[in-house]
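Asker: Before anything else, here's the structure in question.
Number of protein chains: 2
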Amino acid sequence: MDERQALSAFSALSQETRLRMVRHLVIAGPGGLAAGVLATKVGVSTSNLTFHLKELERGGLIQSRRQSRSIIYSVVFSALSGLVEFLMRDCCQGHPEVCAPAVAALAACDCNPQPEHIDV
Amino acid sequence: MDERQALSAFSALSQETRLRMVRHLVIAGPGGLAAGVLATKVGVSTSNLTFHLKELERGGLIQSRRQSRSIIYSVVFSALSGLVEFLMRDCCQGHPEVCAPAVAALAACDCNPQPEHIDV
DNA sequence: CTAACGCTTCAATTAATATTGAAATATTGG
DNA sequence: CCAATATTTCAATATTAATTGAAGCGTTAG
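First to last, the protein sequences are chains A and B.
Using the numbering used here, the letters of the first sequence correspond one by one to residues 128 to 247.
Using the numbering used here, the letters of the second sequence correspond one by one to residues 128 to 247.
This is the structure in structure tokens:
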């Protein structure tokens with residue numbers, strides 16, 4: 128995670144509709160949500176949703192896969208922990224042993240390792 | 128940390144100049160930096176810097192104190208860990224015991240408890 | 001007290017983002 | 001193949017954010 132990536136991720140999260148989208152997707156978990164379902168949940172037009180989906184994708188926060196007619200979006204959990212790591216990188220400079228384990232624990236979160244798992 | 132707060136914090140972090148400012152302030156630690164010094168470090172006019180400082184303040188990410196002619200800005204470390212907590216809140220729903228300790232560890236970070244400590 | 005310093009405010013401009021609705025594309029069921 | 005479904009693209013508009021420079025205000029050194 129470099130500055131450029133962190134910047135576009137923060138930009139992606141800096142808008143109400145998109146922040147809600149991400150939260151819905153986080154709650155949905157690795158199974159994700161179809162674009163149309165997400166549009167209904169956040170209450171925007173599909174056209175507008177697509178615009179925001181692109182922003183989130185650009186920020187590396189979500190990924191998509193096609194499933195029949197629908198396109199399913201899900202959160203890239205490692206991107207979230209990467210952001211955390213970036214934010215905390217230079218925190219506790221004299222004593223990194225305080226923050227490092229916390230960051231490592233987030234990275235090792237159960238959500239993270241199995242990107243292939245689909246549980247519908 | 129509610130959605131409204133998280134949103135303005137992410138907005139604050141979503142701009143290159145401001146993200147750099149925060150990183151400089153994180154590195155500077157609790158001692159903080161004078162506005163003018165920060166302006167030089169990030170390479171913007173003081174007028175422009177003030178604009179961005181206000182955005183960061185609005186996001187609750189920084190605080191200020193006057194010291195003689197200068198105004199010293201420093202990071203609110205608890206705001207950073209609050210953001211992390213917000214991002215991760217609904218992660219690992221079935222097994223929150225995985226993420227919770229990590230979040231707690233960040234909150235307990237050495238940077239956090241002693242806002243008075245200045246170690247230049 | 002006054003001049004210099006450090007920062008903030010303001011107003012004007014420019015640039016970037018978000019929203020809308022209509023049209024286009026891709027996929028699948030029948 | 002045709003009609004229906006799901007999503008994306010596009011162009012136009014509206015909204016919001018960033019930059020600039022000049023003027024203003026508070027603070028302190030002398």
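The C-beta atom is built at its ideal place from N, Cα and C for all residues, glycine as well.
Does arginine 185/B come out as helix, strand or coil in the three-state DSSP assignment?
Answerer: Three-state result, arginine 185/B: helix.
Asker: May I have a chain-ordered list of the alpha helix (DSSP H) segments no shorter than 4 residues that lie completely inside the stretch 142–196 of chain A?
Answerer: Here the runs fully enclosed are 143–155, 162–169 and 173–185.
Asker: Histidine 222/B by DSSP, collapsed to three states: which one?
Answerer: Legend: pLDDT at histidine 222/B = 47, less than 50; position of this residue unreliable, value from coordinates given subsequently. If DSSP states are grouped into helix, strand and coil, histidine 222/B belongs with coil.
Asker: According to DSSP, what are the bridge partners of valine 202/B?
Answerer: Paired residues: Ile189/B.
Asker: How is arginine 131/A classed by DSSP in three states: helix, strand or coil?
Answerer: Helix at arginine 131/A.
Asker: Identify each residue in the stretch 166–199 of chain B for which the Cβ-Cβ distance to at least one residue of chain A is less than 7 angstroms, and report them in chain order.
Answerer: The residues in question: there are none.
Asker: So does the stretch 173–192 of chain A actually touch the stretch 171–179 of chain B, counting three or more Cβ pairs closer than 8 angstroms?
Answerer: Touching, no.
Asker: Counting only beta-carbon atoms, is glutamine 206/A nearer than 8 angstroms to chain B?
Answerer: One detail in the question is off: residue 206/A reads as alanine in this sequence, not glutamine. For alanine 206/A, the answer is no, since every Cβ of chain B falls outside 8 angstroms of its Cβ.
Asker: Considering only the alpha carbon of each residue, which of Ser208/A, Ser141/A, Ile198/A and Gly170/A lies closest to glutamate 182/B?
Answerer: Per the Cα distances, Ser141/A.
Asker: Would you verify that the beta carbon of leucine 140/A is, or is not, closer than 8 angstroms to some beta carbon of chain B?
Answerer: True, the Cβ-Cβ gap to chain B drops below 8 angstroms.
Asker: Around the C-beta of glutamate 212/B, are 16 or more other C-beta atoms found within 10 angstroms, so that it is buried, or is it exposed?
Answerer: Glutamate 212/B should be labelled buried.
Asker: Would you check if there are 3 or more beta carbon pairs closer than 8 angstroms linking the stretch 181–200 of chain B to the stretch 131–140 of chain B?
Answerer: These segments touch.
Asker: Any Cβ of chain B within less than 8 angstroms of the Cβ of valine 211/A?
Answerer: Valine 211/A counts as touching chain B.
Asker: Of all the options Arg216/A, Asp129/A, Glu130/A and Gly159/A, which has the alpha carbon lying nearest to the alpha carbon of arginine 193/A?
Answerer: Among Arg216/A, Asp129/A, Glu130/A and Gly159/A, the Cα nearest to that of arginine 193/A belongs to Gly159/A.
Asker: Considering only residues of the same chain and omitting the five flanking positions on each side of methionine 148/A, which have a CB-CB separation below 7 angstroms?
Answerer: Once the five neighbours on either side are set aside, the close Cβ partners of methionine 148/A are Leu165, Val169, His179 and Leu183.
Asker: State the Cα-Cα distance for the pair arginine 196/B and leucine 134/A, rounded to the nearest angstrom.
Answerer: Rounded to the nearest angstrom, the two C-alpha atoms are 33 angstroms apart.
Asker: Taking buried to mean at least 16 other C-beta atoms within 10 Å of its own C-beta, is glycine 163/B buried or exposed?
Answerer: Exposed, by the Cβ-count rule.
Asker: For a contact meaning CB atoms closer than 9 angstroms, what does alanine 133/B contact in chain A?
Answerer: Per Cβ cutoff of 9 angstroms: Leu140 and Leu146.
Asker: Let me make sure I understand the geometry here. Which of Ile154/A, Ala161/A, Glu130/A and Arg145/A has the alpha-carbon closest to that of methionine 215/B?
Answerer: Ranking the options by Cα distance to methionine 215/B, first place goes to Ile154/A.
Asker: Roughly how many angstroms separate the alpha carbons of glycine 209/B and methionine 128/B, rounded to a whole number?
Answerer: So the two alpha carbons sit approximately 6 angstroms from each other.
Asker: Would you call arginine 131/B buried or exposed, if buried means 16 or more other Cβ atoms sit within 10 Å of its Cβ?
Answerer: Looking at its Cβ environment, which holds fewer than 16 other Cβ atoms inside 10 Å, arginine 131/B is exposed.
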